[in-house]
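Protein chains in written order, with the working numbering: chain C, 101 to 401; chain V, 101 to 401.
Protein chains: 2
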Amino acid sequence: MPSNHGVIFKAVPDGYPVLGEHMELVTREIDIENFSLGDGDILVKNQYLSLDPYMRGRMRNPNIKSYVKAFELGKVLEGSGIGTIVKSNNKKYQVGNEHLAKEMSKFNFPKSYFLGVLGMPGMTAYVGLNKIGKPKKGETIFISAASGAVGQVVGQIAKIKGLRVIGTASNDSKIKYLEELNFDGVFNYKTCNIDEVIVLTHLNINARVVACGMISQYNTKAPYGVKNLLCVVSKRITIQGFIVFDHYHETESFRKDIDEWLKQGKLKYKEDNVEGIQNAPEAFLNLLTGKNFGKEIVKIC
Amino acid sequence: MPSNHGVIFKAVPDGYPVLGEHMELVTREIDIENFSLGDGDILVKNQYLSLDPYMRGRMRNPNIKSYVKAFELGKVLEGSGIGTIVKSNNKKYQVGNEHLAKEMSKFNFPKSYFLGVLGMPGMTAYVGLNKIGKPKKGETIFISAASGAVGQVVGQIAKIKGLRVIGTASNDSKIKYLEELNFDGVFNYKTCNIDEVIVLTHLNINARVVACGMISQYNTKAPYGVKNLLCVVSKRITIQGFIVFDHYHETESFRKDIDEWLKQGKLKYKEDNVEGIQNAPEAFLNLLTGKNFGKEIVKIC
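Pasting the structure below:
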């Protein structure tokens with residue numbers, strides 16, 4: 101009988117989630133033949149699962165409202181994935197179909213790209229840069245976490261749009277990758293002697309800051325106090341946050357552009373793959389601490 | 101011989117400026133009849149001087165660049181004023197004329213209004229609300245320092261535009277004034293039990309924050325660390341700073357609107373007057389600590 105691995109949400113973490121304390125790995129056998137489906141249900145065999153920083157935000161007390169609902173204690177941690185339907189009680193979804201199968205057939209890229217450059221992180225990059233940032237050719241853009249699932253796409257689109265691209269990352273392999281992507285300036289923020297407060301004090305007059313996340317603040321009870329917000333006034337800065345979910349009606353133009361750039365070789369995408377659900381909790385922690393490199397994907401045998 | 105009082109910039113303050121240490125009161129006699137003017141110079145007898153928070157930003161090391169030049173050590177502290185020309189070596193400015201005289205003749209308000217509601221602070225309110233904030237009827241606006249030179253104008257224009265106006269100030273007389281202005285909600289932030297972090301955590305989704313200054317941060321070596329900036333992402337907040345100087349090309353529409361609202365009684369303006377330059381340093385300090393109430397104006401005999 102096939103076994104089904106899962107990660108259960110055990111307790112709300114204060115800081116970084118710990119396997120055994122906040123997450124628990126479970127293995128259950130599943131009898132597919134006799135598995136009973138409710139009306140409209142489908143049973144999916146996962147091939148790829150996505151690990152994303154926003155998932156940490158779901159590991160919270162459910163009484164705290166946010167843009168995405170809290171995980172339920174005792175239940176499996178949810179995420180986006182790609183899989184094949186092995187059983188269906190829903191006329192819209194036939195056995196053997198892959199979710200997104202129709203869309204995928206139009207593209208000749210790894211399936212996992214639909215969790216990355218052609219999925220939510222890619223769209224975060226696309227919307228954040230184009231719609232929120234509204235870049236003009238010749239401007240300079242600074243990207244933090246520039247080799248990450250979102251950052252690497254932002255930087256490459258920015259190059260396509262004629263911007264001067266400066267990126268930072270946390271180790272030298274990531275920096276080398278950014279150089280390969282022809283970023284105009286790159287530096288390792290862990291080893292360079294830069295001001296702690298680089299972002300605001302080094303911005304130009306009328307600069308725009310586009311904020312899609314603040315991963316360094318997700319796992320701490322003592323959030324960092326930003327002390328130079330006064331620059332917002334003196335430098336006429338605009339800081340704008342956004343959530344990609346609000347912009348999903350623009351999926352078509354996003355997919356069209358990314359598809360074209362991938363085909364033309366103007367856009368590359370670096371993934372960080374782990375095999376098997378049993379390695380997902382560690383990979384998730386690596387994602388939160390910056391030890392991963394590129395879009396985090398769990399491959400399932 | 102008439103005497104001329106002045107306040108000299110003696111030293112760059114770290115915190116609040118102290119009279120005697122960073123500012124010095126001087127009195128000089130001036131022989132108007134024999135006073136020699138350079139080519140193009142005029143000699144003005146001041147009637148009103150304006151004290152404004154941005155002046156604190158000019159009391160800095162001149163090597164630090166900002167949107168307005170640093171005061172020169174050893175020279176008189178400068179500010180906006182209204183006066184009469186008593187001697188002129190400039191064909192454009194005739195003796196007896198008041199600066200802004202032509203514009204003033206169109207309006208029937210106290211002259212000092214040109215330093216307040218019809219001047220830089222009023223325009224900060226007007227531009228910040230209309231052009232940066234872009235309010236829509238029915239929205240709620242929260243105003244800090246709501247009885248100040250800028251805040252009281254923001255709140256009243258917001259009422260005219262059909263907004264729900266919430267304001268905060270530092271004592272009960274100010275709160276009473278805000279009630280008289282028909283603000284929809286007012287509270288004394290010194291005595292109310294509000295969250296220290298009210299602004300960001302209590303904002304609505306898609307809120308806009310318009311920042312024209314951060315007076316609490318002008319006189320400290322230990323700036324306040326804002327720890328809840330993550331709300332900018334989760335609540336899709338936009339924070340935008342601006343400097344009114346960048347918008348002076350819109351003076352005409354500003355004056356036209358304010359003039360009309362003043363005439364219709366829709367707009368009131370509270371001034372805090374002190375008499376004589378010798379009282380200006382203390383009034384300036386009161387302005388920085390929030391002990392003043394309304395637009396700070398120095399009347400000169």
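Every residue, glycine too, gets a C-beta built ideally from N, C-alpha and C. All of these numbers come straight from a predicted model, not from anything done at the bench.
Residue range of the alpha helix (DSSP H) that includes Gly267/V: DSSP places Gly267/V in no alpha helix (DSSP H) but in the uninterrupted beta strand (DSSP E) bounded by Arg264 to Ala269.
Taking the alpha carbon of Phe287/V as the point to measure from, which residue in Leu300/V, Lys274/V and Thr268/V has its own alpha carbon closest? Phe287/V has its Cα closest to that of Thr268/V, out of Leu300/V, Lys274/V and Thr268/V.
Spatial distance of Lys237/C from Asn306/C (CA atoms): Near 16 Å, if we compare the C-alpha coordinates of Asn306/C and Lys237/C.
Taking contact to mean 3 or more Cβ pairs, one atom from each stretch, closer than 8 Å, check whether the segment 319-336 of chain C and the segment 311-329 of chain V are in contact. The segment 319-336 of chain C makes contact with the segment 311-329 of chain V: 3 or more CB pairs, one atom from each, lie closer than 8 Å.
For Gly365/C, tell me which candidate among Asn208/C, Val195/C, Tyr116/C and Arg158/C has the shortest Cα-Cα distance. When each option's Cα is compared against that of Gly365/C, the closest is Asn208/C.
Using a Cβ-Cβ cut-off of 9 Å, state whether Val112/V counts as contacting chain C. Not an interface residue.
Leaving out five residues on either side along the sequence, give the residues of the same chain with a beta carbon under 8 Å from the beta carbon of Ala380/V. Closer than 8 Å at the Cβ level, and outside the excluded window around Ala380/V, lie Val107, Leu149, Leu151, Val374 and Val398.
Does Tyr324/C come within less than 9 Å of chain V when only Cβ atoms are used? By this cut-off, Tyr324/C is an interface position.
Straight-line Cα distance separating Tyr277/V from Ser247/V: Between Ser247/V and Tyr277/V, the C-alpha separation is close to 7 Å.
Buried versus exposed, by CB contacts within 10 Å (16 or more), Asn392/C: Counting the other CB atoms within 10 Å of its CB gives Asn392/C a total of 16 or more, which places it among the buried residues.
How many angstroms separate the CA atom of Gly138/C from the CA atom of Leu215/C? Cα-Cα distance, rounded: 27 Å.
Which full runs of the alpha helix (DSSP H) of 4+ residues lie inside the segment 234-321 of chain C, going along the chain? With a minimum length of 4 residues, the continuous alpha helix (DSSP H) runs that stay inside the segment 234-321 of chain C are 251-260, 272-280 and 298-301.
Helix, strand or coil for Gln378/V per DSSP? Per DSSP, reduced to three states, the secondary structure at Gln378/V is helical.
Given a threshold of 16 other Cβ atoms within 10 Å of its Cβ, counted over all protein chains shown, does Arg355/V qualify as buried or as exposed? Buried.
Where does Phe384/V land, buried or exposed, given buried means 16+ other C-beta within 10 angstroms? Counting of Cβ neighbours within 10 angstroms places Phe384/V among the buried residues, the total reaching 16 or more.
Which word fits Arg128/C, buried or exposed, when buried means at least 16 other C-beta atoms lie within 10 angstroms of its C-beta? It is exposed - the Cβ of Arg128/C has fewer than 16 other Cβ atoms within 10 Å.
Quick check on the burial criterion: 16 or more other C-beta atoms within 10 angstroms. Buried or exposed for Tyr348/C? Looking at its Cβ environment, which holds fewer than 16 other Cβ atoms inside 10 Å, Tyr348/C is exposed.
Contacts that Asn328/C makes with chain V (C-beta to C-beta distance below 8 Å): Under the 8 Å cutoff, chain V gives Pro323.
Looking only at its chain, what residues have a beta carbon closer than 6 Å to the beta carbon of Val297/V, apart from the 5 residues adjacent to it on each side? Here Val297/V scores only 44 on pLDDT, less than 50, and its place in the model is too uncertain to base an answer on.
Flag this pair as yes or no: are the beta carbons of Phe342/V and Val309/C separated by less than 9 Å? The Cβ-Cβ distance between Phe342/V and Val309/C does not fall below 9 Å.
Beta-carbon separation of Ile260/C and Ile243/C under 9 Å? Not a contact, by the Cβ cut-off of 9 Å.
Check Leu362/V in the structure and name its three-state DSSP category. Here Leu362/V sits in helix by DSSP.
Would you kindly report the start and end of the unbroken alpha helix (DSSP H) that includes Arg156/C? Start and end: Tyr154 to Arg158.
The beta strand (DSSP E) that contains Tyr148/C, what's its start and end? Under the DSSP assignment, Tyr148/C falls in the beta strand (DSSP E) whose first and last residues are Ile142 to Ser150.
With Pro221/C and Met159/C assumed to form a contact (beta carbons below 8 Å), what rounded beta-carbon distance in angstroms separates them? In this structure Pro221/C is not in contact with Met159/C, their Cβ atoms being roughly 19 Å apart against a cut-off of 8 Å.
Find the nearest neighbour of Lys231/V within the set Pro113/V, Tyr289/V, Asn319/V and Ser353/V, judged by alpha-carbon distance. It is Ser353/V whose Cα lies nearest to the Cα of Lys231/V.
In three-state DSSP terms, what is Ser188/C? In the three-state reduction of the DSSP assignment, Ser188/C falls in the strand class, which pools E and B.
Pull out every residue of the segment 329-348 of chain C whose Cβ sits closer than 9 Å to any Cβ of chain V, in chain order. Here the close residues are Leu329, Leu330, Cys331, Val332, Val333, Ser334, Lys335, Arg336, Ile337, Thr338, Ile339, Gln340, Gly341, Phe342, Ile343 and Asp346.
Taking just the CA atoms, how far does Arg336/C sit from Val195/C? Per the coordinates, the alpha-carbon of Val195/C lies some 56 Å from the alpha-carbon of Arg336/C.
Is Glu371/C helix, strand or coil when you go by DSSP? When secondary structure is reduced to three states using DSSP, Glu371/C falls in the strand class.
If I measure Cβ to Cβ from Phe109/V and keep anything under 8 Å in the same chain, skipping five residues before and after, which residues do I get? Spatial neighbours of Phe109/V in its own chain (CB-CB distance under 8 Å, excluding positions within 5 residues in sequence) are listed in chain order as His122, Met123, Met159, Phe171, Glu172, Leu173, Gly174, Lys175, Val176 and Leu177.
Measuring alpha carbon to alpha carbon, tell me which residue in Leu303/V, Thr224/V and Leu281/V is nearest Glu239/V. For the set Leu303/V, Thr224/V and Leu281/V, the Cα lying nearest the Cα of Glu239/V is the one of Leu303/V.
Neighbour-count burial assignment, Glu396/V, 16 or more Cβ in a 10 Å radius: Buried, because 16 or more other Cβ atoms sit within 10 Å of the Cβ of Glu396/V.
Mind listing which residues of the segment 307-323 of chain C have their C-beta closer than 7 Å to chain V's C-betas, in chain order? Answer set for the segment 307-323 of chain C: Ala311, Cys312, Gly313, Met314, Gln317 and Pro323.
Using a C-beta cutoff of 9 Å, does Tyr167/V count as contacting chain C? Yes, Tyr167/V lies at the interface with chain C (some Cβ there is under 9 Å from its Cβ).
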